[in-house]
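A.B. asks: For the record, in the sequence shown the residue sitting at position 246 is 603 according to the working numbering, with numbers rising by one throughout. Where is the CB? At the ideal position from N, CA and C, for every residue including glycine. Because the structure is a prediction, the values reported are computed rather than measured. My questions will all concern the structure given below.
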Amino acid sequence: WQLFFVTPEAITKVETATLAGEATKAAIESQPVGGLVYFAKNLENRAQTVTLLENSQSYSKIPLFLGVDEEGGTVSRLKTSGLDIDTGVGTMQSIGETADPAAAYAAGQEIAGNLHALGFNLDFAPVTDVSSGKNAAIGSRSFGTDPELCASMAGIISNALTDGGVIPCLKHFPGYGSAITDDHYGTSILTKTQKELEACDFLPFSSGIASGTPFVMVSHLSVPEVVGDETPSDLSSKIVSDLLRNKLGFTGVIITDSHQMASITDHYTPGEAAVKALQAGVDMILMPQDLQAAFDGVKQALSDGTLTQA
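Here's what the structure looks like:
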């Protein structure tokens with residue numbers, strides 16, 4: 358179960374989890390997942406959120422990652438929830454435009470302060486993608502089009518989050534900035550070669566890794582020039598193990614993007630996707646479409662030798 362990072366609804370089976378009581382306690386005991394990720398609908402007000410996270414953490418024998426997408430700008434769960442907390446940091450593009458390290462650090466501090474006070478210990482941020490410009494699906498979530506600037510800003514935000522007691526997660530490897538199709542809705546293909554990725558998209562990831570960021574999220578992008586076919590990046594050992602682990606030297610936790618996105622669900626069962634991700638070298642699977650089916654798929658793969666215990 359530790360391999361999975363899921364919504365509270367995935368283990369409690371309630372429609373919207375806003376409380377963590379006996380049902381959550383029993384769920385965590387029987388399905389001791391590695392992490393819980395929360396969305397705006399889970400967060401009604403400050404007292405409720407603090408209690409929700411505190412209780413959930415207290416029920417787990419192994420400390421839980423309690424995560425959220427709080428990038429600032431267009432992706433802010435705090436702002437769109439009942440908490441209505443506007444961190445005021447604006448978009449990452451607007452921070453990139455200042456090219457001011459102090460402004461970036463202050464933004465990271467502001468986000469970390471708000472998250473830490475509520476009980477979150479992991480933020481799925483910063484977006485580390487280098488935008489290709491106005492048609493890029495990533496939009497204002499990227500710091501900009503200059504790889505060096507993105508590298509500097511991603512490193513600074515990561516450090517600010519870490520200093521504020523919140524684990525940062527670089528995303529979306531190998532670099533979503535040139536994608537023009539959103540992989541939430543189907544296969545998104547990147548036409549770049551490995552050389553092109555190394556010269557541009559990898560620079561901010563390398564910077565974040567060098568600064569000690571312990572988490573990297575791998576996207577579902579298909580990179581046929583590198584992989585040889587349209588396998589999603591997070592299911593490809595070429596992307597996960599050869600490039601991120603070995604070439605970039607990342608030794609931390611590799612997590613997939615959400616396995617509820619169409620680029621995964623259109624082509625794989627929850628069990629197949631989980632097994633392929635682990636075979637590729639990832640450490641955690643984010644939000645399988647069906648947690649039990651993914652868990653069963655991994656157990657089956659262990660018993661038939663597709664996966665080893667190691």
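Figure out for me which residue from 502, 424, 565 and 487 has the closest Cα to the Cα of residue 468.
C.D. replies: Residue numbering aside, residue 468 sits at position 111 when the sequence shown is read from its first letter. Out of 502, 424, 565 and 487, 424 has the C-alpha closest to the C-alpha of residue 468.
A.B. asks: Tell me whether the stretch 513 to 528 and the stretch 479 to 487 touch, counting them as touching only if at least three CB pairs, one residue from each stretch, are closer than 8 angstroms.
C.D. replies: Result yes; three or more Cβ-Cβ pairs closer than 8 angstroms.
A.B. asks: DSSP on residue 389, reduced to helix/strand/coil?
C.D. replies: Within the sequence shown, residue 389 is the residue found at index 32, counting from 1. Reduced to three states, the DSSP call for residue 389 is coil.
A.B. asks: Taking 8 angstroms as the cut-off, does the stretch 605 to 625 touch the stretch 567 to 574 (at least 3 CB pairs, one atom from each stretch)?
C.D. replies: The stretch 567 to 574, when compared against the stretch 605 to 625, does touch it at the 8 angstroms Cβ threshold.
A.B. asks: Would you give the residue range spanned by the beta strand (DSSP E) that residue 526 belongs to?
C.D. replies: Here residue 526 corresponds to residue number 169 of the sequence shown, with the count starting at 1. Run containing residue 526: 524 to 530, per the beta strand (DSSP E) assignment.
A.B. asks: Run through DSSP, which three-state label would residue 449 get?
C.D. replies: Position 92 of the sequence shown holds residue 449. DSSP places residue 449 in helix when its eight states are reduced to three.
A.B. asks: Measuring CA to CA, which of 401, 586 and 439 is closest to residue 544?
C.D. replies: Here residue 544 refers to the residue found at position 187 when the sequence shown is read from its first residue. Selected option, being the one with the closest Cα: 586.
A.B. asks: Apply the 10 Å Cβ neighbour rule to residue 522 and answer buried if 16 or more other Cβ atoms are within range, or exposed otherwise.
C.D. replies: By 1-based counting over the sequence shown, the position of residue 522 is 165. Exposed is the call here.
A.B. asks: Within 10 Å of its beta-carbon, does residue 505 have 16 or more other beta-carbons around it, so buried, or fewer, so exposed?
C.D. replies: The sequence position of residue 505 within the sequence shown is 148, counting from 1. Counting Cβ neighbours within 10 Å, residue 505 comes out exposed, since fewer than 16 surround it.
A.B. asks: State the beta-bridge partners of residue 423 as determined by DSSP.
C.D. replies: Mapped onto the sequence shown, residue 423 falls at position 66. Paired residue(s): 393.
A.B. asks: Between which two residues does the beta strand (DSSP E) holding residue 363 run?
C.D. replies: On the sequence shown, residue 363 is found 6 positions in, with the first residue counted as 1. Run containing residue 363: 361 to 363, per the beta strand (DSSP E) assignment.
A.B. asks: For residue 461, I'd like the list of residues in its chain whose CB is within less than 7 angstroms of its CB, leaving aside the five on either flank, ordered along the chain.
C.D. replies: As a first step, residue 461 must be located in the sequence shown, where it is residue number 104. Answer for residue 461: 452, 510, 513 and 514, listed in chain order.
A.B. asks: For residue 455, count neighbouring C-beta atoms within 10 Å of its own C-beta (all shown protein chains included) and say buried if the count is 16 or more, exposed if not.
C.D. replies: Indexing the sequence shown from 1 puts residue 455 at position 98. Flag for residue 455 reads exposed.
A.B. asks: Use the C-beta contact count for residue 713: other C-beta atoms within 10 angstroms, 16 or more gives buried, fewer gives exposed.
C.D. replies: No answer is possible for residue 713: the residues shown for the chain start at 358 and end at 667.
A.B. asks: Quick one: any contact between the stretch 392 to 405 and the stretch 370 to 379, if contact means 3 or more CB pairs under 8 angstroms?
C.D. replies: With a cut-off of 8 angstroms, the stretch 370 to 379 and the stretch 392 to 405 count as touching, because enough Cβ pairs lie within range.
A.B. asks: Cβ atoms of residue 487 and residue 575: under 9 angstroms apart, would you say?
C.D. replies: One-based indexing of the sequence shown puts residue 575 at position 218. One-based indexing of the sequence shown puts residue 487 at position 130. Taking 9 angstroms as the Cβ cut-off, residue 575 and residue 487 do not qualify as a contacting pair.
A.B. asks: Quick one: residues in its chain with C-beta nearer than 6 angstroms to the C-beta of residue 493, no 5 flanking neighbours on either side, listed in chain order?
C.D. replies: On the sequence shown, residue 493 is found 136 positions in, with the first residue counted as 1. These residues qualify, in order along the chain: 534.
A.B. asks: Give the C-beta separation of residue 620 and residue 540 to the nearest angstrom, bearing in mind that I take them to be a contact with Cβ-Cβ under 8 angstroms.
C.D. replies: Position 263 of the sequence shown, counting from 1, holds the residue named residue 620. Position 183 of the sequence shown, counting from 1, holds the residue named residue 540. That belief holds up - the Cβ atoms of residue 620 and residue 540 are roughly 4 angstroms apart, short of 8 angstroms.
A.B. asks: Would you identify the three-state DSSP class for residue 639, choosing helix, strand or coil?
C.D. replies: Counted from its first residue, the sequence shown places residue 639 at position 282. Note: residue 639 maps to coil in three-state DSSP.
A.B. asks: Which of helix, strand or coil does DSSP assign to residue 615?
C.D. replies: Stepping through the sequence shown from its first residue, residue 615 is reached at position 258. Coil, per DSSP.
A.B. asks: Suppose you measure from the CA of residue 475 to the CA of residue 465; what does that come to, to the nearest Å?
C.D. replies: Within the sequence shown, numbered from 1, the residue matching residue 475 stands at position 118. Within the sequence shown, numbered from 1, the residue matching residue 465 stands at position 108. The alpha-carbon atoms of residue 475 and residue 465 are separated by roughly 16 angstroms.
A.B. asks: Using the C-alpha atoms, what's the distance from residue 562 back to residue 444?
C.D. replies: Numbered from its first residue, the sequence shown carries residue 444 at position 87. Numbered from its first residue, the sequence shown carries residue 562 at position 205. Using only the alpha carbons, I get a separation of about 25 angstroms.
A.B. asks: Would you kindly work out how many angstroms separate the C-alpha atoms of residue 589 and residue 580, rounded to a whole number?
C.D. replies: Position 232 of the sequence shown, counting from 1, holds the residue named residue 589. Position 223 of the sequence shown, counting from 1, holds the residue named residue 580. Roughly 8 angstroms between the two C-alpha positions.
A.B. asks: Kindly indicate which three-state DSSP category residue 574 falls into: helix, strand or coil?
C.D. replies: Your numbering for residue 574 matches position 217 in the sequence shown. Residue state, collapsed to three classes: strand.
A.B. asks: Quick test of your reading: residue 565 and residue 497, contact by CB under 8 angstroms. State the CB separation rounded to the nearest angstrom.
C.D. replies: Here residue 565 refers to the residue found at position 208 of the sequence shown. Here residue 497 refers to the residue found at position 140 of the sequence shown. Contact doesn't hold; Cβ gap of about 20 angstroms is too wide.
A.B. asks: Tell me which residues share the same chain as residue 436 and place their Cβ nearer than 6 angstroms to its Cβ, disregarding the 5 neighbours each side in the sequence.
C.D. replies: Position 79 of the sequence shown, counting from 1, holds the residue named residue 436. Once the five neighbours on either side are set aside, the close Cβ partners of residue 436 are 443.
A.B. asks: Please report the distance separating the alpha-carbon of residue 402 from that of residue 414.
C.D. replies: Along the sequence shown, read from residue 1 onward, the residue named residue 402 stands at position 45. Along the sequence shown, read from residue 1 onward, the residue named residue 414 stands at position 57. Each residue's alpha carbon lies about 18 angstroms from the other.
A.B. asks: Excluding the 5 residues preceding and the 5 following residue 646 in the sequence, name in chain order all residues of the same chain whose CB lies nearer than 7 angstroms to its CB.
C.D. replies: The count along the sequence shown starts at 1 and reaches residue 646 at position 289. So the qualifying residues of the chain are 616, 617, 622 and 627.
A.B. asks: Please go through the same chain and pick out, in chain order, the residues whose beta-carbon is closer than 8 angstroms to the beta-carbon of residue 644, but skip the five residues on each side of it.
C.D. replies: Stepping through the sequence shown from its first residue, residue 644 is reached at position 287. Excluding sequence neighbours, residue 644 sits near 362, 363, 364, 367, 394, 615, 616 and 617.
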